[in-house]
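Numbering (the working numbering), first residue to last: 27 to 236.
C-beta: ideal position from N, C-alpha, C; glycine also.
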C-alpha cells in the first residue's frame, strides 16, 4: 500500500497509520477490520486533509455473515472518523477526511450505502453519478468509491473518473479476457478533483515554481 503525491502541490504532515481498535482486560474481543484501513495526512497550502484507503469485507462466503460484517465495517469506520474528527479538530488528525477504495457498495441507497452516508452528522458525501462508474477492468462493477465530509475549506469540482490502464497493458491477441486478474488487481485507479477554496492563487504559485 502506498500514497503517491505531487510534492509541488501537497506535502506529507508525517501522519501515517492503520486504523485498529485496542481491547481491554474487561473487553478483549473488540471489533477489528478484516483489512485495516490505511491513513496518511497531507497539507496543501494551509489546508490539511487525511486520506483513508479501505478494502471493506466482501461477504461472498457464508453470505449473511459476510454481508453483516461488510455493513458493520463501514459503520465502525464512519463512527471512528467522526469521533476522531470532533475530538481532534486542531491537530493533524483533522476533520477533513477523504475515504477511497473498495467499499463493495454497488446499489445506490442500499444498506451499505446508508451505512456510509447516513448516521449522525456530519454525513459523508459521494459524487452523484458515482454508482454509474465501472471501476473494474471490464467496467461492469461499481464497488470502488470516493467519499468525503463536506467542508467550507474545499469544494468538489464535479470531475471524477477512472484510469483504464488495463486497456493499455493487455492488448495481445488471443489473451484470455481474465488474464490480467491473475497478475494485478482488476480495480482501476479512481480519481476526483477538488478545489481548495481560499488557496487557489497560493497553489498556482507553488505549481509554477521552477
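Between the C-alpha atoms of residue 182 and residue 39 there is a straight-line separation of about 22 Å. A straight line joining the alpha-carbon of residue 76 with that of residue 195 spans about 31 Å.
Using a Cβ distance threshold of 7 Å, residue 134 and residue 157 count as a contacting pair. Residue 37 sits close to residue 69, with the two beta carbons spaced by under 7 Å. Rounded to whole angstroms, the separation of the alpha carbons of residue 49 and residue 130 is 27 Å. Of 151, 213 and 60, the smallest CA-CA separation from residue 160 is found for 213.
For residue 142, the uninterrupted alpha helix (DSSP H) run begins and ends at 137-143, by DSSP.
For residue 44, the beta-bridge partners assigned by DSSP are 64. The continuous stretches of beta strand (DSSP E) do not include residue 179, and DSSP gives it neither H nor E.
Taken through DSSP and simplified to helix, strand or coil, residue 185 comes out as strand. Counting along the chain, residue 81 sits inside the beta strand (DSSP E) bounded by residues 73-81. Relative to the Cα of residue 215, the nearest Cα in the group 179, 165, 180 and 222 belongs to 165.
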